[in-house]
Every structure is written in structure tokens, then in C-alpha cells.
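Peer 1: Under our numbering, the first residue of the sequence shown is numbered 1, with each subsequent residue one higher.
Think of the CB as a built atom: it goes at the ideal place given N, C-alpha and C, for glycine as much as any other residue.
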Amino acid sequence: MMVVTIELGTRLGLNVHRDQWPTAPLLDSYESSGFSWVQVHTPPRPMLADRERCRSHARALRAALAPHGLRLLLHGPDDLSVGTLEHDRAFDGLMDYAAEAGAELVVYHGLAFPVGDSAPAGLRAAAEEQSLQRFSARAEALGLTIAIENLAPVYPTPAPPRICHDPLAVRDLVRRLASPAMGMLLDVGHAHLSANLRGESAERAVRAVLDDVVLFHVHDNLGARRHDLGAPGVDPLKLDLHLPPGAGCLPWDRLGPLLADHHAPLMLEVERSHGVAPAALATGAAALLRRAVAPGVPVAA
Numbered sequence: 001m002m003v004v005t006i007e008l009g010t011r012l013g014l015n016v017h018r019d020q021w022p023t024a025p026l027l028d029s030y031e032s033s034g035f036s037w038v039q040v041h042t043p044p045r046p047m048l049a050d051r052e053r054c055r056s057h058a059r060a061l062r063a064a065l066a067p068h069g070l071r072l073l074l075h076g077p078d079d080l081s082v083g084t085l086e087h088d089r090a091f092d093g094l095m096d097y098a099a100e101a102g103a104e105l106v107v108y109h110g111l112a113f114p115v116g117d118s119a120p121a122g123l124r125a126a127a128e129e130q131s132l133q134r135f136s137a138r139a140e141a142l143g144l145t146i147a148i149e150n151l152a153p154v155y156p157t158p159a160p161p162r163i164c165h166d167p168l169a170v171r172d173l174v175r176r177l178a179s180p181a182m183g184m185l186l187d188v189g190h191a192h193l194s195a196n197l198r199g200e201s202a203e204r205a206v207r208a209v210l211d212d213v214v215l216f217h218v219h220d221n222l223g224a225r226r227h228d229l230g231a232p233g234v235d236p237l238k239l240d241l242h243l244p245p246g247a248g249c250l251p252w253d254r255l256g257p258l259l260a261d262h263h264a265p266l267m268l269e270v271e272r273s274h275g276v277a278p279a280a281l282a283t284g285a286a287a288l289l290r291r292a293v294a295p296g297v298p299v300a301a
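(1) Could you have a look at N15 and say whether DSSP puts it in helix, strand or coil?
(2) Considering only C-alpha positions, which residue in the set L85, L185, L27 is nearest to L111?
(3) Taking three-plus beta-carbon pairs below 8 Å as touching, is the segment 98-113 in contact with the segment 60-71?
(4) Please identify the residue among P44, A287, D212 whose C-alpha is closest to the C-alpha of R18.
(5) Got a sec, what are the start and stop residues for the beta strand (DSSP E) E149 sits in?
(6) Would you kindly check if the distance between the Cβ of G76 and the Cβ of T23 is under 9 Å?
(7) Go ahead and pull the three-state DSSP assignment for V214.
(8) In angstroms with no decimal places, state the Cα-to-Cα distance between I148 and P161.
(9) Could you please give the first and the last residue of the uninterrupted beta strand (DSSP E) stretch that includes L72?
(10) Please report the distance separating the alpha-carbon of E203 from that of P180.
(11) Verify whether the separation of the beta carbon atoms of V218 and V188 is less than 9 Å.
(12) Distance, Cα to Cα, A282 vs W252?
(13) Within a Cβ cutoff of 8 Å, which residues of the same chain sit near M182, ignoring the five residues on either side of it in sequence?
(14) Taking the straight line between their C-alpha atoms, what separation do you get for A292 and L258?
(15) Are L83 and E129 closer than 9 Å when you measure CB to CB?
(16) Within a Cβ cutoff of 7 Å, which residues of the same chain sit near F113, ignoring the five residues on either side of it in sequence?
(17) Under a three-way DSSP split, which group does P120 fall into?
(18) Mapping the DSSP letters down to three states, classify V106 as helix, strand or coil.
(19) Cα separation between A277 and F216?
(20) Please name the residue, chosen from G256, V106, K238, that lies closest to A286 on a Cα-to-Cα basis.
(21) Classify D166 as helix, strand or coil using the three-state DSSP reduction.
(22) On the DSSP letters alone, give me the boundaries of the beta strand (DSSP E) that D302 sits inside.
(23) Mind checking who P114 pairs with in its DSSP beta bridge?
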């Protein structure tokens, strides 16, 4: 009988909630569950410009991680948007922090501007791109990779979508930057949600950006939630639910093989209120991806 072996352990990671410090017991639970990566959120944007405090914080994080074998991914502040003096100073501080903490990847939310012909939005996007171009040289020198993430609406809203809700727009920004220190973070939950809101397939967008992906965020949701689609114990209105993989309606049978066949880390971003233990998340995600590659075929652990 054929057995399929897919090496996922070295790619799987788990997020530490933004309000939580990575304590030794927490990191022990991640490592013993088979995760190789950990994602930690940095201090807020105004704090990143305070270099001495941030370096002290980063050294404490490095010391917390030292007894463990987990590789570090840093998530920058959600509201960080380079292209202004204030935000550029914070981004400089973010790179200082990453270098001090020993991070390899840094998550950044780019293109968080409304879609349309608005002149201010266009000027801000151009200023952001120029700043990222400048920062790419420093990121290369520090050995950092900046992963620019595609986002999605958190709640239903009549407001226009943001440019970053389109994975192809994020990919195109990465390609224009043309730096080995700049890559795309493909958030598959966000890609599914944005495509579902537009009545499109996420698979086509995912396939179109894979060559530029350096990191995946992995979680599930219920799509656009048309006809009041719900689930027990789930917020009845929220779109970006960050459910465990397999607990929503993402088409894992089609997306799973694309993720499993890639090389980039797979960072699970599951909201802690869902109460799933790290070991169960690791086992469930790995099994889901393996089944997607070879449905009905036994898989090796």
C-alpha cells in the first residue's frame, strides 16, 4: 500500500497572541507539538521609535527564545504604513528590533489604502513604495526578509475595499520592489474571504502569486457569510474569524496541494478564543494538508 510522506514539520509555525508574552511553558508547548516557527507581535508603533526601550524588549525576547529551537517571525504593528517621517522612523526601529531579537522574517501590512482614483491614496501608495525601496537595502544587509501581507475586511462594511485586499496587487508591489529582502506573505484565509466577497475563486489568485510567496498565514473562515451562514460558538457577524484550518469553508482540497508543494513557512494564525491546543492545531493542519495532496491514501507522520 502506498504511503505519502510530506515534510511539513520544519515549515509549521504558530502565532503568539498579540497581548501575550512568549513564556517558557508556552514555547515548550509549541516545540513539543512539532512547530518549528513562532510568530511574535512587536510593541506598538510609537514604541518602535524608542530605540533603547525596543532593543531592551528585543533582547528579552531573544533570551526567552534561546532555550528553544523555534525560529522567529516578527509581526509588525497593524497600523504601520511607511511613507511618512513618523512611520519611517518606526520601521527603522522595527528592523533594529528584528536584528536584536534574531528574527528571520518580518510581517508588514502594505497598500492599506482605499481602492479608487483618490489622489491622496495614490500619493500615499507611491510614498510607501519609495520608502520600502529604501528600506530594502538595509533589510538585505541585516539578513531580514520583509513579508508584505494581503489583508481582508474584518466585518461587512459599505466602505470601499483596500488595495491590500487583492493578493495580485500585493504581489505586483513585491515585484516592483525587486529585492531579495522583500517578498509576499500570502494569507490564505484573507485570500479566500476577499475572493468570496467578489464571487471569485481563491485558487486562481493563490496560483498567480505563489512564485513571490516567502510566508503563508494559515487559518479558516466562513467566507462572505451570505444567507447568515453561522457556526456554533462563532461570532455571528465577523468575517475574518481566524478559525482552525478545516473549521470553515476554505477549499482545502484545492488550496492544500499548493501550500504543501511550496517551501515557505506555514504560520497558523488561529484566534486563541477558539480554545484549540497547540498539539491539536499542529496535528490537524498537517493532516489536512496531507489529505489534500493524496485524498484517501495513508500518510506518514
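Peer 2: Reading from the atomic positions:
(1) strand
(2) L185
(3) yes
(4) P44
(5) 145-149
(6) no
(7) strand
(8) Looking at the two C-alpha atoms, the distance is approximately 17 Å.
(9) Looking at the DSSP string, the run of the beta strand (DSSP E) that includes L72 is 71-75.
(10) 26 Å
(11) yes
(12) 16 Å
(13) L132, S136, A139, T145, I146, I148, V174
(14) 9 Å
(15) Checking the displayed sequence, the identity of residue 83 turns out to be Gly instead of Leu. Cβ atoms of G83 and E129: closer than 9 Å.
(16) A121, R124, A125, R162, I163
(17) helix
(18) strand
(19) 20 Å
(20) With distances taken between Cα atoms, A286 lies closest to G256.
(21) In the structure shown, D166 sits in coil (DSSP, three-state: anything other than H, G, I, E or B).
(22) As shown, the chain starts at 1 and ends at 301. That puts residue 302 outside it, with no answer to give.
(23) R162, per the DSSP bridge assignment.
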